[in-house]
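Asker:
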Amino acid sequence: MTADLIGTLAAASEGDEVRITLVTDGTTVRGVTFESPIVTRVAAVSEETVDAREKDVDIEGIVDRRTLRLVPLDDDAHTAYVLETRSPVVGTDSIEPLRAQPRDGCGPDDPVTSYPEVGAVDSVTVRS
216 MTADLIGTLA AASEGDEVRI TLVTDGTTVR GVTFESPIVT RVAAVSEETV DAREKDVDIE
276 GIVDRRTLRL VPLDDDAHTA YVLETRSPVV GTDSIEPLRA QPRDGCGPDD PVTSYPEVGA
336 VDSVTVRS
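The numbering used here numbers the first residue of the sequence shown as 216 and each following residue consecutively.
(1) What is the DSSP secondary structure of D231, counted as helix, strand or coil?
(2) Need the endpoints of the beta strand (DSSP E) that T294 sits in, please.
(3) Is E299 buried or exposed, if buried means 16 or more other CB atoms sit within 10 Å of its CB?
(4) DSSP three-state call for S329: helix, strand or coil?
(5) Helix, strand or coil for G246? Go by DSSP, reduced to three states.
(6) So what's G322 in DSSP terms, helix, strand or just coil?
(7) Just the Cα atoms here: how many angstroms apart are T239 and G334?
(8) Taking its Cβ as the centre, do 16 or more other Cβ atoms sit within 10 Å of R314, making it buried, or is it exposed?
(9) Using the C-alpha atoms, what's the distance from L283 back to S309?
(10) Report the residue from S302, V257 and F249 whose alpha carbon sits nearest the alpha carbon of D266.
(11) Mind checking whether I235 and P252 have CB atoms under 7 Å apart?
Next comes the structure, spelled out in structure tokens:
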């Protein structure tokens, strides 16, 4: 199932609508209750190959990492949602939990791992 989700997310590009269904429904983060599906738009896509020997990161080995920054359509408390897939050279592909970037002041962005988790992803639908 993870492979199907990663394949679906790999097809997503800027401007696409993404519907995310979480494993648990009714999660509340920073006063916002998330009901599935969460409807968003892709604002940006970044891809990188990370070697844990070269960077101080929370991964092991060499991993292809794809990060989707999603614009919330009905949430004023968060600037963006972040969804990340990881495909290691050796090991099993994974999808990180959906995270919400708080709408806080200005300055450089905090690391994605510092954003509060909204929940684990059950399914994803992408529409161009």
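Idealized CB from N, CA, C, for every residue including glycine. Predicted, not measured: the structure shown is a model, and the values here were computed from it.
Answerer: Working from what's here:
(1) coil
(2) H293 to P303
(3) buried
(4) helix
(5) coil
(6) Any reading at G322 needs caution, since the residue's pLDDT is 49, under 50, leaving its predicted position unreliable; the model's value is listed next. Three-state DSSP puts G322 in coil, outside helix and strand.
(7) 7 Å
(8) buried
(9) 14 Å
(10) S302
(11) yes
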